[in-house]
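Here is the structure we will look at, set down as structure tokens.
Here it is, written out as structure tokens:
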């Protein structure tokens, strides 16, 4: 898990996942209006105020070519770091596990309704619009939601490339951060929030 930061005052913007020593996975809506110079990545921290994180600048932002806002279709981006992370030297720097996907991904591969998932991030812990986000990284249990649920229909535009997950009440999650499902005896990232 990493924190994406803006250069002025260095506030936490969004979360992300480590794909490799040089690449970070996040949500397109977090970075689509930014240039690489507007962004840094802080890795190896649990507390977003920690000054001992590993800081890297972003060299390039790859936003999915079919990214569409406000529908959030193809809401995915990859950041290339200007300098690799030294994964072997820091136990807090670990790559995310991705499921084995056979292209094309079809809806049957999505978590079935009611599947327990885990979302990780520094997001707000209540539904207030005020920034009440915690300093410490948190994990929350969420569930996949049936595509025909009214809450899902309001927020999902294309069930072929999107699935719903969350709570029927509660706070906002951390954009760009991972959502995991227990698969193949390990936690695998199935979505970004």
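Residue numbers (my numbering): 14 to 206.
Quick reminder that beta carbons are idealized off the backbone N, C-alpha and C, glycines included.
Note that this is a predicted model, so its numbers are computed, not measured.
Query, Result
"Limits of the alpha helix (DSSP H) - the one that residue 42 falls within", "41-44"
"Straight-line gap, residue 162 to residue 177 (C-alpha atoms, nearest Å)", "9 Å"
"Endpoints, the beta strand (DSSP E) within which residue 124 is located", "Element bounds for residue 124: n/a, residue is neither H nor E."
"Option nearest residue 126 by Cα separation, candidates 60, 159, 92, 30", "159"
"Bridge-paired residues (DSSP) for residue 201", "194"
"First through last residue of the beta strand (DSSP E) which encompasses residue 25", "25-31"
"Three-way DSSP call (helix, strand, coil) for residue 102 in this model", "helix"
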